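Student: Mapping to our numbering: the sequence shown position 380 is 377, numbers consecutive.
Even for Gly, the Cβ is constructed at its ideal location relative to N, Cα and C.
The model shown is predicted, which means the values in this text are computed figures rather than measured ones.
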Amino acid sequence: MRIEEIKLREIYTSNAARTLEVEMLSDGQSFRAQIPAGESRGSGEAKALTPEEAGENWAKLRPQLLGLDFRSVSELDQLLLHADGTPDKSKFGGNVMLGVSLAGARALASEGKKELWQSLAEEFFPGGTKEAPPRIYANFVEGGAHAQSGLALQEYLVISDREGPLAEKIALMIELYRKTGGAIGPRLAGSVLPLGVEGGYAVNWRDDLEPLSMLEQLISDTKAAAGFRLGLDAAASNFFRSGKYRIGGGERSAEELAEVYAGYFGRVPALVAIEDPFAENDPASFSALRVKFPDKLIVGDDLTTTNPFLIEQYAGQGAMNGVIIKANQIGTLTETCKALALSKKLGLARIVSHRGEETGDAFLVHLAKASGAEGVKIGAPIRERILKYNELLRLYP
C-alpha cells in the first residue's frame, strides 16, 4: 500500500469545536479519518495539537509519509512513533497520528477487499471475535463537565444486555430515551428539554440519586427492557479539589464518597457499573470499592487512558474489572488494539468509547467488532450520536 498523497485539514465536531481530518490517497482512491476530542480528559492522554500546531508540524511529518509503502497498520504506526519520538506524542500530536493510522488502516482494508473490522481482526486479533453484539452504554442524563445541571456525576447510563437481536435492543433504547424525556418534560412547563454534549438530558435535579431512581422505574415499567441495567460515569477527577470530593453540596473524603456509592447500590439494584468513581490519582480507593462490591463493574478511564502499561498496572492492583478504550487517548490504532488484547487477557470488560466532541466517523464500532469487545459507549440515541447506532446495525445484522 503506497501513500501517493496525504492531506491534513481542519473540520468541526458535533459541537462545532475545531478538530482534524486526515485524507490519504492510494491507488487512486481516497481514505479519510476524522478525529474526535474529549470534553474531560485524563492527564495521561496523548497530547492533542490545535489545528495551528498541527499545521506547523505537518510540514515535517508529511514528507516522511509521501511515497511510503506499508503492508500493515503496525508498520505504519511504527514509523509514526519513531518519527514523533516523545512519550506523549507531543511532537506531531496523538490526534494527527491517529488520523494517519486510521486512514492507513482503511486503505489496507480496501486493498484487501475487506471491511475495516475484518482487516483489524486479522492483524491484531487472530483468535477470532465473539459474534454476540456488545452491550450499549447509552448516556441518558448528563451532569459534571457535560452540562449545567447541578449534578456532580457526569453521565447516567442505560446499559443493554447481550441477548437477542441488536436491532431490538436499539429500538428499546430509543423508546426508553423518549420515555425519559416524557418523564422529565412536565417539570419544565412546556419548555424545550435541554441536552448535554452527548445528547443526554441536562435539567436540574434534586440530588445526584434522583436520575438513577427515575431511570430504574422507567426500565421497570418497560417490560421488554427487563434485561437493561444502569451505570454511572462519575468522572470524579472533575469534582476533586484539594483532597476532597465536592458532591451533594458538601466536601467528602474518598471513604465518605465510597459510602455515597454504597447508598446508590443499596437503593438502586439496577445500578451495576461505575466508571472513574474516584480521581485518577487515587487508585487505592478504586481497589477498596472493588473489594467492597465484587459483583459490580468498576471501570477505569481517566485512570488508564488506553495505555497498556497503566491498564496492566491498575488491573494488577485490583483497581478495576472494566476498562474504557478510546483510540485518541493513546494515539495509534496499534497501541489501541494492544490495549484491547491485553485487557481481554487480564479478564477486564472492555468498553470501546466515543468522546464528548464527536465526528461522523464510526471507526470505534469497527474496533469493538474486531476485538469482540464486551461494550460500546456511544452517547444518547439521538442527533449525531445515532450514526454509531446505525453502524452497529450494519455490523451486527
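Under a three-way DSSP split, which group does Ser27 fall into?
Tutor: The answer is strand: DSSP assigns Ser27 an E or B state.
Student: From the DSSP output, which residues share a beta bridge with Gly372?
Tutor: Gly372 is bridged to Arg132, Ile348.
Student: Counting C-beta neighbours from all protein chains within 10 Å, is the total for Ser188 16 or more, i.e. buried, or is it exposed?
Tutor: When all chains shown are included, Ser188 counts as exposed.
Student: What beta strand (DSSP E) runs, 3 residues minimum, are completely inside the segment 218 to 273?
Tutor: For the segment 218 to 273, whole beta strand (DSSP E) runs of length 3 or above, ordered along the chain, are 226 to 230, 241 to 244, 247 to 249, 268 to 272.
Student: Give me whichever residues DSSP pairs with Ser174 in a beta bridge.
Tutor: It should be pointed out that residue 174 corresponds to Tyr in this sequence rather than to Ser. Answer is none; Tyr174 lacks a bridge partner.
Student: Closer than 8 Å is the cut-off here; do at least three beta carbon pairs connect the segment 76 to 83 with the segment 112 to 129?
Tutor: No: the two stretches stay apart, fewer than three of their Cβ pairs being nearer than 8 Å.
Student: So within the segment 278 to 309, which uninterrupted beta strand (DSSP E) runs reach at least 3 residues, ignoring any that extend past its ends?
Tutor: Correct list: 294 to 297.
Student: Per DSSP, Val155 is paired with what?
Tutor: Note: Val155 sits in a beta bridge opposite Ala135, Leu227.
Student: Kindly identify the DSSP beta-bridge partner or partners of Met317.
Tutor: According to DSSP, Met317 bridges with nothing at all.
Student: Buried or exposed: which applies to Gln61, given that a residue is buried once 16 or more other Cβ atoms fall within 10 Å of its Cβ?
Tutor: Exposed, since its Cβ has fewer than 16 Cβ neighbours within 10 Å.
Student: Here's the rule I'm using: 16 or more other beta-carbon atoms within 10 Å means buried, otherwise exposed. How should Glu165 be labelled?
Tutor: Burial call: exposed.
Student: What are the residues that DSSP puts in a beta bridge with Thr16?
Tutor: Partner(s): Ile8.
Student: Which residues does DSSP pair with Tyr198 in a beta bridge?
Tutor: Tyr198 pairs with Val138, Leu192.
Student: Enumerate in chain order the residues of its own chain whose CB-to-CB distance from Ser282 is below 7 Å, with the five nearest sequence positions on each side excluded.
Tutor: Excluding positions up to five away in sequence, the list reads Ala251, Ala255, Phe275.
Student: Name the DSSP beta bridge partners of Met21, please?
Tutor: Beta-bridge pairing links Met21 to Ile3, Phe28.
Student: State the CB to CB distance for the pair Leu99 and Ile0, rounded to an integer number of angstroms; the pair is presumed to be in contact (CB under 8 Å).
Tutor: Wrong, their Cβ atoms sit about 14 Å apart, outside the cutoff.
Student: Let me know the secondary structure DSSP gives Gly354 once reduced to three states.
Tutor: The question names Gly, but residue 354 in the sequence shown is Glu. Three-state result, Glu354: strand.
Student: Sorted by chain position, which residues of the same chain lie with C-beta nearer than 6 Å to Val265's C-beta, five sequence neighbours on each side aside?
Tutor: Correct list, in chain order: Leu209, Glu213.
Student: Are the CB atoms of Ala149 and Phe236 within a distance shorter than 7 Å?
Tutor: Against a cut-off of 7 Å, the Cβ pair of Ala149 and Phe236 comes out as a contact.
Student: Helix, strand or coil: how does DSSP classify Ile379 here?
Tutor: Of the three classes helix, strand and coil, the one that applies to Ile379 here is coil, per DSSP.
Student: Please state whether the Cβ-Cβ distance between Glu388 and Glu355 is less than 7 Å.
Tutor: Not in contact: Glu388 and Glu355 (Cβ atoms no closer than 7 Å).
Student: Mind listing, in chain order, the continuous alpha helix (DSSP H) runs of no fewer than 4 residues lying wholly within the segment 55 to 87?
Tutor: As far as the segment 55 to 87 is concerned, its whole alpha helix (DSSP H) runs of at least 4 residues are 70 to 81.
Student: Quick one: what does DSSP say Ala149 is sitting in, helix, strand or coil?
Tutor: Residue state, collapsed to three classes: coil.
Student: Under 8 Å: do the segment 286 to 297 and the segment 237 to 248 share three or more Cβ pairs, one atom per stretch?
Tutor: Output reads no: the segment 237 to 248 does not touch the segment 286 to 297.
Student: Determine the DSSP secondary structure at Ala43, reduced to helix, strand or coil.
Tutor: In the structure shown, Ala43 sits in coil (DSSP, three-state: anything other than H, G, I, E or B).
Student: Return yes when the C-beta of Lys44 is under 6 Å from any heavy atom of the ligand COA, and no when it is not.
Tutor: For the ligand COA, the structure offers nothing, since it holds no ligand at all.
Student: Touch check for the segment 309 to 329 and the segment 354 to 372: three-plus C-beta pairs under 8 Å?
Tutor: A contact exists between the segment 309 to 329 and the segment 354 to 372.
Student: Under 7 Å between the Cβ atoms of Ala36 and Gly328?
Tutor: It should be noted that the sequence gives Glu, not Ala, for residue 36. It is not a contact, given that the beta carbons lie outside the stated cut-off.
Student: Going by CA-CA distance only, name the one from Val138, Val288, Ala285, Gly101 that's closest to Ala231.
Tutor: Ranking Val138, Val288, Ala285, Gly101 by Cα distance to Ala231 puts Val138 first.
Student: Please tell me whether Arg132 and Ile156 are closer than 7 Å, where the distance is taken between their beta carbons.
Tutor: In contact: Arg132 and Ile156 (Cβ atoms closer than 7 Å).
Student: Take Asn457 and list the residues in its own chain whose beta-carbon comes closer than 7 Å to its own, dropping the five residues that flank it on each side.
Tutor: Residue 457 lies beyond the range of the chain shown here (-2 to 394); nothing can be said about it.
Student: DSSP three-state label for Ala164, please.
Tutor: Helix, per DSSP.
Student: If we ignore side chains and look at the alpha-carbon of each, how far apart do Gln310 and Ala359 end up?
Tutor: Rounded to the nearest angstrom, the two C-alpha atoms are 30 Å apart.
Student: Which residues bound the alpha helix (DSSP H) around Arg203?
Tutor: Counting along the chain, Arg203 falls outside any alpha helix (DSSP H), and DSSP gives it neither H nor E.
Student: Can you find the residues in the same chain that come closer than 6 Å, C-beta to C-beta, to Glu248, ignoring five residues on each side of it along the sequence?
Tutor: Excluding positions up to five away in sequence, the list reads Lys241.
Student: Check Ala34 in the structure and name its three-state DSSP category.
Tutor: Reduced to three states, the DSSP call for Ala34 is strand.
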